[in-house]
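Engineer: Numbering (this note's numbering), first residue to last: 12 to 600.
Dumping the structure here so I can ask a few things about it.
What follows is the structure, given as structure tokens:
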């Protein structure tokens with residue numbers, strides 16, 4: 012196997028830049044937040060809540076703009092029968108950031124949470140928080156694995172090096188600087204990541220357009236030249252399925268720790284909203300070169316290139332259209348520069364999800380559920396260990412399974428149908444409790460998994476209206492697959508059913524216990540009768556109520572316990588700024 016020296020040099024060059032920036036960011040901000048009396052673990056998770064506007068806007072944009080985003084957008088524009096009409100990610104994720112900024116960023120940041128799971132554990136308890144952690148963790152790990160899998164395939168196009176080695180090295184670099192610098196390293200490498208993508212792709216686009224094998228993309232947008240027009244169309248019978256997938260991106264793109272990690276790192280709630288809006292604009296801007304590259308791929312006579320007469324669609328390589336265009340339609344020096352920049356950017360985008368997963372585990376599972384007396388130093392070491400463990404898990408999935416994208420699709424659907432309705436409930440709907448949360452979790456899970464997942468060859472056991480059987484033939488192996496296609500918007504229906512069941516079962520449980528139909532001893536989750544218990548609502552949560560002060564509580568409260576619990580879910584600085592902190596808070600003995 013021949014190794015392209017120029018491509019290898021480009022990869023090493025950009026990897027060194029990413030690694031250097033990650034280490035420099037860690038060194039530059041090693042004492043940030045700690046000097047002001049904040050825990051080091053919190054500084055690693057949310058960066059001391061002092062991320063600047065420039066870096067904040069870039070890292071918020073990079074929440075979704077990574078390897079999967081640019082490769083997936085180009086792929087859908089290129090795919091015959093789909094086209095730009097089905098490339099939903101740019102507009103979907105941009106709208107997701109706008110909706111997140113308008114409705115979710117302010118309440119999350121103003122309450123001083125550290126992770127996305129904090130409000131769930133505060134209202135529903137540590138056990139329910141652990142259940143919600145499962146789909147959140149799956150989403151982050153499988154997303155990282157999908158990114159690393161795409162990276163390995165891209166590198167094989169550039170330099171013909173072993174995929175396993177390239178993925179392992181890339182993962183180790185990302186894990187290393189994330190271990191060293193936490194959110195600061197992730198945020199600063201995000202700036203380099205987006206710059207690499209923007210420059211690398213825009214340098215390549217003019218050369219690809221000028222290639223003699225490429226027809227006028229304005230003509231191929233509306234006329235059938237080498238394949239169907241790349242603008243694409245939406246058949247009326249596919250309208251509900253298109254809307255279901257679009258809502259999955261818009262609403263399902265909100266309840267991710269990678270997003271809220273940026274929101275919670277902002278210096279204020281208003282600042283978090285501004286960053287969300289800037290990132291929405293950034294998502295659209297960063298998608299433009301990918302759209303053009305997909306259009307170029309659809310406008311190319313591949314018989315005139317060294318790629319061969321068989322187009323990527325007939326080789327089952329449509330998902331590789333972006334590196335293929337850069338490799339075969341651009342001069343070598345442009346190709347290597349563009350692909351090197353994109354590969355380094357893809358590698359960099361895996362770090363966010365690994366850090367997010369480790370943050371949720373260290374805080375919400377280890378600290379709040381398993382060892383509430385754990386020291387800050389202990390939490391920091393748990394984070395470091397889990398960064399390595401989760402990074403290794405993502406790498407192993409990328410190397411050992413061929414269904415990593417199917418796993419990510421299913422887990423992202425579970426984030427949409429399970430976590431999103433629960434997030435709405437804890438932030439905006441009064442009166443929900445743990446019983447309703449459990450029911451919502453079960454309903455959402457059954458209705459989504461019941462619809463099946465073709466990428467995992469998971470057959471459905473719920474056949475929604477409008478389903479049909481599709482026959483898919485693999486062009487190279489000639490293998491035939493029979494998949495069930497669900498045109499009914501069952502993902503959104505599952506999400507709405509989950510939201511409704513939370514409200515209904517919460518109200519039912521409250522009625523049964525408060526009316527005496529069920530004895531109080533059966534309230535085993537302490538969700539109704541004992542709603543002020545230590546697990547659901549400790550006494551310091553009453554500090555936020557201006558009508559109640561701690562001196563009115565009969566049970567003695569010791570200083571150490573109050574400070575520890577207040578720091579668990581509350582940012583005391585935020586509360587004091589809003590005038591809600593009781594003057595008795597610091598006088599309790």
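Even glycine gets a Cβ: it sits at the ideal position worked out from N, Cα and C.
1) Taking the beta strand (DSSP E) that residue 495 falls in, what are its first and last residues?
2) Nearest CA to the CA of residue 33: which residue from 157, 85, 186?
3) Grouping DSSP H, G and I as helix and E and B as strand, with all else coil, what is residue 481?
4) Classify residue 129: buried if its beta carbon has 16 or more other beta carbons within 10 angstroms, exposed otherwise.
5) With distance defined between alpha-carbon atoms, name the residue in 223, 464, 481, 197 nearest to residue 357.
6) Report yes if the CB atom of residue 337 is closer than 7 Å to the CB atom of residue 67, and no otherwise.
7) Nearest to residue 469 by CA position, among 476, 459, 347, is which residue?
8) Reducing DSSP to helix, strand and coil, say where residue 90 ends up.
9) For residue 402 versus residue 182, is the C-beta distance shorter than 7 Å?
10) Does the region 101–111 come close enough to the region 328–336 to have 3 or more Cβ pairs within less than 8 Å?
11) Under 8 Å by Cβ, that's how I've got residue 450 and residue 512 pegged, so tell me the actual separation to the nearest angstrom.
12) How many Å lie between residue 310 and residue 90 at the Cα?
13) Could you spell out the range, first to last residue, of the alpha helix (DSSP H) harbouring residue 389?
14) Could you tell me the alpha carbon to alpha carbon distance between residue 214 and residue 121, rounded to whole angstroms?
15) Secondary structure at residue 324, three-state DSSP: helix, strand or coil?
16) According to DSSP, is residue 225 part of a helix, a strand, or is it coil?
17) Look at the alpha carbon of residue 385 and the alpha carbon of residue 429, and state the distance between them as a whole number of angstroms.
18) Inspect the beta-carbon positions of residue 380 and residue 141 and report whether they are closer than 7 Å.
19) According to DSSP, residue 464 sits in a beta bridge with which residue or residues?
20) Could you name the residues that DSSP lists as bridge partners for residue 311?
21) Give a yes or no on whether the C-beta atoms belonging to residue 294 and residue 76 are separated by under 7 Å.
22) Starting from residue 25, trace the alpha helix (DSSP H) in both directions and tell me its first and last residue.
23) Looking at the structure shown, is residue 192 part of a helix, part of a strand, or coil, going by DSSP?
24) So is residue 20 buried or exposed if we call it buried at 16+ other beta carbons inside 10 Å?
25) In this structure, how does DSSP classify residue 304 when only helix, strand and coil are distinguished?
26) Hey, quick one: how far does the alpha helix (DSSP H) through residue 173 stretch, first residue to last?
27) Measure the alpha-carbon distance for residue 123 versus residue 239 and round it to whole angstroms.
28) Determine the burial state of residue 320: buried for a count of at least 16 other Cβ atoms within 10 Å of its Cβ, exposed for fewer.
29) Out of 322, 22, 144, 333, point me to the one whose CA is closest to residue 219's CA.
30) Taking the CB atoms as reference points, tell me whether residue 391 and residue 51 lie closer together than 7 Å.
31) Could you have a look at residue 604 and say whether DSSP puts it in helix, strand or coil?
32) I need the DSSP call for residue 499, collapsed to helix, strand or coil.
33) Let me make sure I understand the geometry here. Which of 87, 40, 164 has the alpha-carbon closest to that of residue 54?
34) State the start and end residues of the unbroken alpha helix (DSSP H) segment that holds residue 56.
35) Would a C-beta distance cut-off of 7 Å place residue 175 and residue 410 closer than the cut-off?
Structural biologist: The structure says:
1) Here residue 495 corresponds to residue number 484 of the chain shown, with the count starting at 1. Counting along the chain, the beta strand (DSSP E) containing residue 495 begins and ends at 491–496.
2) The sequence position of residue 33 within the chain shown is 22, counting from 1. For the residues 157, 85, 186, the minimum Cα distance to residue 33 belongs to 186.
3) Walking along the chain shown from the start, residue 481 turns up at place 470. Three-state result, residue 481: strand.
4) Translated into positions along the chain shown, residue 129 becomes position 118. When all chains shown are included, residue 129 counts as buried.
5) Position 346 of the chain shown, counting from 1, holds the residue named residue 357. The residue with the shortest Cα to Cα distance from residue 357 is 197.
6) Position 326 of the chain shown holds residue 337. Position 56 of the chain shown holds residue 67. In this structure, residue 67 does not lie closer than 7 Å to residue 337 by Cβ.
7) Here the question's residue 469 lines up with position 458 in the chain shown. Ranking 476, 459, 347 by Cα distance to residue 469 puts 459 first.
8) Position 79 of the chain shown, counted from the first residue, corresponds to residue 90. Looking at residue 90 - three-state DSSP - the assignment turns out to be coil, as it is neither helix nor strand.
9) Here residue 402 is taken as the residue at index 391 of the chain shown, counted from 1. Here residue 182 is taken as the residue at index 171 of the chain shown, counted from 1. Against a cut-off of 7 Å, the Cβ pair of residue 182 and residue 402 comes out as a contact.
10) no
11) Stepping through the chain shown from its first residue, residue 450 is reached at position 439. Stepping through the chain shown from its first residue, residue 512 is reached at position 501. Between residue 512 and residue 450 the Cβ distance is about 5 Å, and since that is below 8 Å, they are a contact.
12) Indexing the chain shown from 1 puts residue 310 at position 299. Indexing the chain shown from 1 puts residue 90 at position 79. Going by the C-alpha atoms only, they are around 11 Å apart.
13) Position 378 of the chain shown, counting from 1, holds the residue named residue 389. Taken as a continuous stretch (DSSP letters only), the alpha helix (DSSP H) holding residue 389 covers 387–411.
14) Reading the chain shown from its first residue, position 203 is the one you call residue 214. Reading the chain shown from its first residue, position 110 is the one you call residue 121. Using only the alpha carbons, I get a separation of about 42 Å.
15) The residue given as residue 324 occupies position 313 in the chain shown. If DSSP states are grouped into helix, strand and coil, residue 324 belongs with the helices.
16) Reading the chain shown from its first residue, position 214 is the one you call residue 225. Strand.
17) As a working mapping, residue 385 is identified with position 374 in the chain shown. As a working mapping, residue 429 is identified with position 418 in the chain shown. Taking the straight line from one Cα to the other gives about 30 Å.
18) Within the chain shown, the letter at position 369 stands for residue 380. Within the chain shown, the letter at position 130 stands for residue 141. Cβ atoms of residue 380 and residue 141: closer than 7 Å.
19) Locating residue 464 in the chain shown gives position 453, counting from the first residue. DSSP output for residue 464 lists 469 as bridge partner(s).
20) The sequence position of residue 311 within the chain shown is 300, counting from 1. 225, per the DSSP bridge assignment.
21) Reading the chain shown from its first residue, position 283 is the one you call residue 294. Reading the chain shown from its first residue, position 65 is the one you call residue 76. Yes, Cβ-Cβ distance for residue 294 and residue 76 is below 7 Å.
22) On the chain shown, residue 25 is found 14 positions in, with the first residue counted as 1. That run of the alpha helix (DSSP H) goes 16–39.
23) For this step, residue 192 is matched to residue 181 along the chain shown. If DSSP states are grouped into helix, strand and coil, residue 192 belongs with the helices.
24) Stepping through the chain shown from its first residue, residue 20 is reached at position 9. Classification for residue 20: exposed.
25) Translated into the one-based positions of the chain shown, residue 304 becomes position 293. If DSSP states are grouped into helix, strand and coil, residue 304 belongs with the helices.
26) Position 162 of the chain shown, counted from the start, is the residue given in the question as residue 173. No alpha helix (DSSP H) contains residue 173, which DSSP labels as neither H nor E.
27) If you number the chain shown from 1, residue 123 lands on position 112. If you number the chain shown from 1, residue 239 lands on position 228. Whole-angstrom Cα-Cα distance: 51 Å.
28) Locating residue 320 in the chain shown gives position 309, counting from the first residue. Looking at its Cβ environment, which holds fewer than 16 other Cβ atoms inside 10 Å, residue 320 is exposed.
29) Locating residue 219 in the chain shown gives position 208, counting from the first residue. Closest by alpha carbon: 333.
30) Mapped onto the chain shown, residue 391 falls at position 380. Mapped onto the chain shown, residue 51 falls at position 40. For residue 391 and residue 51, yes; Cβs fall inside 7 Å.
31) Absent from the structure is residue 604, since the part of the chain shown begins at 12 and ends at 600.
32) Residue numbering aside, residue 499 sits at position 488 when the chain shown is read from its first letter. If DSSP states are grouped into helix, strand and coil, residue 499 belongs with coil.
33) In the chain shown, residue 54 corresponds to position 43, counting from 1. Closest option to residue 54, Cα to Cα, is 40.
34) Reading the chain shown from its first residue, position 45 is the one you call residue 56. Segment 51–57, the alpha helix (DSSP H) holding residue 56.
35) Working through the chain shown from its first residue, we reach residue 175 at position 164. Working through the chain shown from its first residue, we reach residue 410 at position 399. Yes, the Cβ-Cβ distance between residue 175 and residue 410 is below 7 Å.
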